[in-house]
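Just so you know, the sequence shown maps onto residues 6 to 215 in the working numbering. Where a beta carbon is used, it is the ideal one built from N, C-alpha and C, also for glycine. Heads up: the structure comes next, in structure tokens.
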Amino acid sequence: MKNYNDSLTAVDVYAARYPFETDGGVACAARAREIADCSDEKTRQSKFYVWKLLEYALMRSLGLNAANVAFDKTADGKWTCRECEFSLSHKDDLVAVAVSRSPVGIDIEKIDAERFDEKLQARILTPAERSALSRLAASERSLRANILWTEKEALFKRDNGKLFAANKLETANSHCKTIIVKSGEVGYYLSVVSVAECVCSYNLTNVVVG
Numbered sequence: 006m007k008n009y010n011d012s013l014t015a016v017d018v019y020a021a022r023y024p025f026e027t028d029g030g031v032a033c034a035a036r037a038r039e040i041a042d043c044s045d046e047k048t049r050q051s052k053f054y055v056w057k058l059l060e061y062a063l064m065r066s067l068g069l070n071a072a073n074v075a076f077d078k079t080a081d082g083k084w085t086c087r088e089c090e091f092s093l094s095h096k097d098d099l100v101a102v103a104v105s106r107s108p109v110g111i112d113i114e115k116i117d118a119e120r121f122d123e124k125l126q127a128r129i130l131t132p133a134e135r136s137a138l139s140r141l142a143a144s145e146r147s148l149r150a151n152i153l154w155t156e157k158e159a160l161f162k163r164d165n166g167k168l169f170a171a172n173k174l175e176t177a178n179s180h181c182k183t184i185i186v187k188s189g190e191v192g193y194y195l196s197v198v199s200v201a202e203c204v205c206s207y208n209l210t211n212v213v214v215g
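The following block contains the structure:
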């Protein structure tokens with residue numbers, strides 16, 4: 006049985022631009038080894054800072070010291086703990102974390118209409134989604150596909166999926182909530198998927214709602 010702070014909202018969402026000031030290394034030894042084993046410096050930094058943001062979120066939302074949290078990594082590579090549900094995401098210089106009483110997924114993606122062209126839409130959208138988007142202008146289709154991709158990633162994380170098949174994943178009834186955030190002049194979609202109507206409390210550092 007997981008222990009939760011009754012004051013925790015449905016989902017507490019944290020996002021920050023890194024690097025930011027921290028209190029040292031990560032508390033979880035296994036995560037520290039994973040970070041140390043990264044050969045790419047950018048990946049190493051993003052993994053470090055998203056974990057430090059998680060530690061901050063756990064303390065602020067649940068009063069949990071990360072040093073006392075029972076973290077584990079599943080065979081599918083997902084980090085979990087006994088005390089709550091959480092999800093991690095990072096993109097460019099942004100990191101994002103969601104903590105909740107119930108399963109939750111979070112994803113952050115750059116707003117990039119050019120990337121989500123018709124060729125990519127054909128690969129990542131379901132037939133129903135392609136039909137719905139066909140009524141939109143080309144630029145609107147691209148942006149909507151961008152949002153759907155972000156929501157699909159968050160849904161996949163919430164459900165602990167083993168194989169990400171975006172063109173078979175529907176988000177229409179999945180309690181998705183997506184907002185636009187900005188790091189400097191760059192915009193991103195931040196999507197959260199819970200198991201009920203998504204009520205989010207946003208805690209943003211050096212990040213603004215677009």
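Under the three-pair Cβ rule at 8 Å, the stretch 147-155 counts as touching the stretch 112-127. CA-CA distance, D42 to T27, rounds to 20 Å.
For E156, the enclosing alpha helix (DSSP H) starts and ends at 143-163.
The alpha-carbon of A37 is positioned some 24 Å away from that of T210. Distance check between V55 and each of V191, A159, R22, E190 places R22 closest, using alpha-carbon atoms only.
Cβ atoms of I129 and K162 stay farther apart than 8 Å, at about 16 Å.
By the neighbour-count criterion, in which a residue is buried when 16 or more other Cβ atoms sit within 10 angstroms of its Cβ, I185 is exposed. Judged by DSSP secondary structure, Y54 falls outside any beta strand (DSSP E) and instead within the alpha helix (DSSP H) spanning 46-67. Burial state of E46 is exposed, judged by a 10 Å Cβ sphere holding fewer than 16 other Cβ atoms.
About 22 Å separates the CB atoms of Y194 and N165; that is not less than 8 Å, and the two are not in contact. Straight-line measurement puts the Cα of A142 at about 12 Å from the Cα of D122.
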